[in-house]
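Take a look at the structure set out below.
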Amino acid sequence: MTAAASDKNLRNTVLTWYGLHHRSLPWRSPPGTPPPPAYHVWLSEIMLQQTVVKAVIPYFLKFIRQWPRIEDLAAAPLDDVLTAWAGLGYYARARNLHKCAQTVTQDYGGEFPATAEELQKLPGIGPYTAAAITSIALNIPAAAVDGNVERVLTRYHAITTPIRDNKKQLKSFAERLAYADDKNAGDLTQALMELGATLCTPTKPACPACPWQKTCLAHQQGIAADLPKRAPKQVKPERHGTAFFLSAENSGKLLLQKRPESGLLGGMVEFPSTPWRDSIYKKEQDILAHFPLPGHIPAVFRKLPGRVTHHFTHFTLHLTVWAGSVPETTLSGSLFWAAEKDLHKYALPSVMKKLHDHTLKENKSFL
Numbered sequence: 625m626t627a628a629a630s631d632k633n634l635r636n637t638v639l640t641w642y643g644l645h646h647r648s649l650p651w652r653s654p655p656g657t658p659p660p661p662a663y664h665v666w667l668s669e670i671m672l673q674q675t676v677v678k679a680v681i682p683y684f685l686k687f688i689r690q691w692p693r694i695e696d697l698a699a700a701p702l703d704d705v706l707t708a709w710a711g712l713g714y715y716a717r718a719r720n721l722h723k724c725a726q727t728v729t730q731d732y733g734g735e736f737p738a739t740a741e742e743l744q745k746l747p748g749i750g751p752y753t754a755a756a757i758t759s760i761a762l763n764i765p766a767a768a769v770d771g772n773v774e775r776v777l778t779r780y781h782a783i784t785t786p787i788r789d790n791k792k793q794l795k796s797f798a799e800r801l802a803y804a805d806d807k808n809a810g811d812l813t814q815a816l817m818e819l820g821a822t823l824c825t826p827t828k829p830a831c832p833a834c835p836w837q838k839t840c841l842a843h844q845q846g847i848a849a850d851l852p853k854r855a856p857k858q859v860k861p862e863r864h865g866t867a868f869f870l871s872a873e874n875s876g877k878l879l880l881q882k883r884p885e886s887g888l889l890g891g892m893v894e895f896p897s898t899p900w901r902d903s904i905y906k907k908e909q910d911i912l913a914h915f916p917l918p919g920h921i922p923a924v925f926r927k928l929p930g931r932v933t934h935h936f937t938h939f940t941l942h943l944t945v946w947a948g949s950v951p952e953t954t955l956s957g958s959l960f961w962a963a964e965k966d967l968h969k970y971a972l973p974s975v976m977k978k979l980h981d982h983t984l985k986e987n988k989s990f991l
């Protein structure tokens, strides 16, 4: 069998399997039916970056209910988008999502461009997302290679070196499959992703149920569960800080502040804190030097036991909490008061939700 015939056979085999075993997901169209709207494909792909399907589904449905069309999302205030995104993590995605919606609305009349090259000019869209939109929404052959597809192809070809060393080779394998036929481009992209997500999983791959089992080299060699080989993990640096959980003396409102629009957690809302640094704050005066209301330092602080730990992509953060009551003064700049019952209206990232829950648990009588 020629390489081209083999590629076509692999396509047909996985497409048949996908037709029988695909999951029903809110951003998908069933195999063999007209493709889903590009808006849905784009939104789901941005949300699925670094995030599992189960976590994405409720957020996707919320966004589609709140902003049914890309023009609606473009017209929404950024703060509303960040609030709706809160808890999904990697918040630069939300800011780029909003920018991209505005660009598509203003420059392309609400329609995504039809080529991968043009798509990659849009905020937040790289080669993978462009290929996913091109193939799934437009049904144009393109090789969309995510982590699932890399794992499937690594095992199928029994590649025993880490994925990071074989990106070009894996992309080439995916392109051969994508361009072996110009039909069913979207179904093929989703079939390969589905194979990796449901059968060819990171641990305990379900080889007996796999449509490619007979010709998979890793299965033949008995090494499927050992692949892909992992590159040595780098130890994440740790950062430390102290957060101020402050409530107004009479109303019980909480002191919050909005972070700068650029940088980590840009535009999100947080409880004020010291800067996050490499070393632990040991001196009280170093902590109080960053108190957000310098003229109203409480006579007594509750230095809560334990700490809040949150893992960001490039570092791990440890926050201790100082809680206290202060006068409900007039605020300026990025600081503002918010009622406890209204916290859900603000774009609090996961680390701040953890901090809030930790404070209530350790200091139940505080509010």
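The opening position of the sequence shown corresponds to residue 625 in the working numbering, with each subsequent residue numbered one higher. Yeah, the Cβ is synthetic: ideal placement off N, Cα and C, and Gly gets one too. Note that this is a predicted model, so its numbers are computed, not measured.
Is the beta carbon of N772 sitting closer than 8 angstroms to the one on M817?
Yes, these two residues count as a Cβ contact at 8 angstroms.
Quick one: measure Cβ to Cβ for E986 and G919, integer angstroms, because I've assumed they're closer than 8 angstroms.
Not quite, the Cβ-Cβ distance comes to about 27 angstroms (not below 8 angstroms), so this is no contact.
At what residues does the beta strand (DSSP E) containing E862 begin and finish?
Here the beta strand (DSSP E) through E862 covers E862 to A872.
If you reduce the DSSP assignment to three classes, tell me which class Q881 lands in.
Residue state, collapsed to three classes: strand.
Taking the alpha carbon of P916 as the point to measure from, which residue in N633, P896, I904 and K906 has its own alpha carbon closest?
Nearest of N633, P896, I904 and K906 to P916, Cα basis: P896.
With distance defined between alpha-carbon atoms, name the residue in L912, E799 and A710 nearest to L777.
It is E799 whose Cα lies nearest to the Cα of L777.
Threshold first: 4 residues or longer. Then list the alpha helix (DSSP H) segments lying entirely within the segment 790 to 820, N to C.
Correct list: 791 to 802.
Can the beta-carbon of P786 be found closer than 8 angstroms to that of A699?
Not in contact: P786 and A699 (Cβ atoms no closer than 8 angstroms).
Would you tell me roughly how many angstroms separate the C-alpha atoms of S949 and G865, rounded to the nearest one?
Answer to the nearest angstrom: the Cα atoms are 20 angstroms apart.
What is the rounded straight-line gap between the Cα of R992 and the Cα of K838?
Because residue 992 is not part of the residues shown, which for the chain are 625 to 991, the question remains open.
So, using beta-carbon positions, are V588 and K978 closer together than 8 angstroms?
Nothing in the structure corresponds to residue 588, since the chain is present only between 625 and 991.
Which value, in whole angstroms, describes the spacing of the CA atoms of T983 and L928?
When rounded, the distance between both Cα atoms is 7 angstroms.
Once you ignore the five residues that flank I847 on each side, which residues in its own chain have a CB closer than 8 angstroms to its CB?
So the qualifying residues of the chain are A782 and T784.
Tell me the DSSP secondary structure of E894 in three-state form.
Reduced to three states, the DSSP call for E894 is strand.
Just curious, the alpha helix (DSSP H) that W666 is in, first and last residue?
A662 to L672 is the extent of the alpha helix (DSSP H) around W666.
In the structure shown, what three-state DSSP assignment does R652 receive?
The answer is coil: DSSP assigns R652 none of H, G, I, E or B.
Please classify T676: does DSSP put it in a helix, a strand, or coil?
Looking at the sequence shown, residue 676 is not Thr but Val. Here V676 sits in coil by DSSP.
Regarding F925 and the ligand NAP, is the C-beta to nearest heavy atom distance less than 7 angstroms?
Summarising the ligand content, the structure contains no ligands, and the ligand NAP is consequently not present.
Using the C-alpha atoms, what's the distance from Q744 back to M671?
Using only the alpha carbons, I get a separation of about 17 angstroms.
Name the DSSP bridge partner or partners of R934?
A quick correction: the sequence has His, not Arg, at residue 934. L941.
Would you report the Cα separation of T827 and A804, rounded to the nearest angstrom?
Near 30 angstroms, if we compare the C-alpha coordinates of A804 and T827.
Span of the alpha helix (DSSP H) holding A1000?
This structure cannot speak to residue 1000, because the chain is shown only from 625 to 991.
Flag this pair as yes or no: are the beta carbons of R635 and L801 separated by less than 8 angstroms?
In this structure, L801 lies closer than 8 angstroms to R635 by Cβ.
Please list the terminal residues of the continuous beta strand (DSSP E) segment that includes W836.
Careful: W836 lies outside any beta strand (DSSP E) and carries neither H nor E.
Tell me whether L644 is buried or exposed, calling it buried when 16 or more other Cβ atoms sit within 10 Å of its Cβ.
It is exposed - the Cβ of L644 has fewer than 16 other Cβ atoms within 10 Å.
For the 8 angstroms Cβ check, are there 3 or more pairs between the segment 956 to 976 and the segment 867 to 884?
They touch, by the three-pair rule.
Can you look up S949 in the DSSP assignment and give me helix, strand or coil?
Reduced to three states, the DSSP call for S949 is strand.
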